Amino acid sequence: MAHTRIAVIVGSLRRESFNRKLADALPGLAPDVDFTPLRIDDLPPYNQDDDGTPAEAVTRLKGEIAAADGLVFVTPEYNRSMPGVLKNAIDHASRPHGHSAWKGKPAGVLGVSTGAAGTAMAQQHLRNVLAYLDVPTLGQPEVFIQAREGVFDGAGKLSESTTKFIRGWMTAYLAFVRLHRG
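In this note's numbering, the protein residues as written are 5 to 186.
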C-alpha cells in the first residue's frame, strides 16, 4: 500500500505512555505506509463559540486528518472510558456541524492498559462516537492489551509475541483501509 497515509491519534499525554510505545511501533509493521502522529496536547478545551475562529492547533489537526487515508486511535482507558483529551480532539475536528474532518475516514482502534480488560470499555465508547461521526471502524480483530510482563521488552519496545499479534491486526486494518478507499 505505497503512499497510504495513516493519521495516528494517541489518547495519552503521559511521557512513558504504553499507548505511545504501541503507536511508535506501528511504522515498523507496515514500512510502505506513512504514519503521521497527530498532536492533540495543544488543543484548547472545545467551545462552540470558537467554531467560526478556530485556534491554529485546531486548523492544523483538521488539515492533518483531511490529508490522511485512514485513522488509527491508540487509547488508554480512564474511568471506563476514553481520556478527555481524546474526546476534546474528536469534538474539535468534528465541528462546526456539517464540517467534520473525520467523516468517511476508515479507522482502527487499539489500546494498552494495566487493567485486566485492557481498554475494552474505552474502545467501546470511542467506537460509539466514531459511528455517530460516520467513521467506518474495523470491527475484527480487536486489540485489548493488558500491560503486563512480556508485552514490552526491557527497552520498552513491543516483544516478539506482541509484535506478531499487532502485525496480524495491521494486515486486517490495511485491507479495511483499501476497501474503503475504493
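Just so it is clear, CB atoms sit at the ideal spot from N, CA and C, and this is done for glycine as well. Just so you know, these numbers come straight off a predicted model, no measurement behind them.
**Every unbroken alpha helix (DSSP H) inside the region 61 to 147 [4 residues or more]** = 88 to 97 and 124 to 136
**Request:** Identify which residue in Thr175, Lys161 and Gly122 has its Cα closest to the Cα of glutamine 144.
**Result:** Thr175
**Asked** Got a sec? Which residues, its chain only, sit under 7 Å from phenylalanine 156 by beta carbon, not counting five neighbours each side?
**Response** Lys25, Leu162 and Ser163
**Message:** What residue range does the alpha helix (DSSP H) around alanine 29 cover?
**Reply:** 22 to 33
**Test item: CB-CB of valine 78 and valine 14 under 8 Å** = yes
**Straight-line gap, glutamate 153 to glycine 119 (C-alpha atoms, nearest Å)** = 13 Å
**Message:** Can you give me the C-alpha to C-alpha distance between glycine 74 and valine 89, rounded to a whole angstrom?
**Reply:** 20 Å
**Item:** Nonlocal neighbours in the same chain, by C-beta distance under 6 Å from leucine 30, ignoring five residues either side
**Value:** Phe39
**Item:** Between the CA atoms of proline 110 and aspartate 95 - distance to the nearest angstrom
**Value:** 18 Å
**Prompt:** How is leucine 162 classed by DSSP in three states: helix, strand or coil?
**Reply:** strand
**Item:** Beta carbon of valine 113 nearer than 8 Å to that of phenylalanine 22
**Value:** no
**Asked** Is it the case that the Cβ atoms of tyrosine 177 and leucine 137 are separated by a distance below 8 Å?
**Response** no
**Request:** Can you give me the Cβ contacts of phenylalanine 180 inside the same chain, cut-off strictly under 6 Å, excluding the 5 residues immediately before and after it?
**Result:** Pro110 and Leu142
**Item:** Integer Cβ distance of alanine 97 from leucine 130, believed to fall under 8 Å
**Value:** That belief does not hold up - the Cβ atoms of alanine 97 and leucine 130 are roughly 14 Å apart, past 8 Å.
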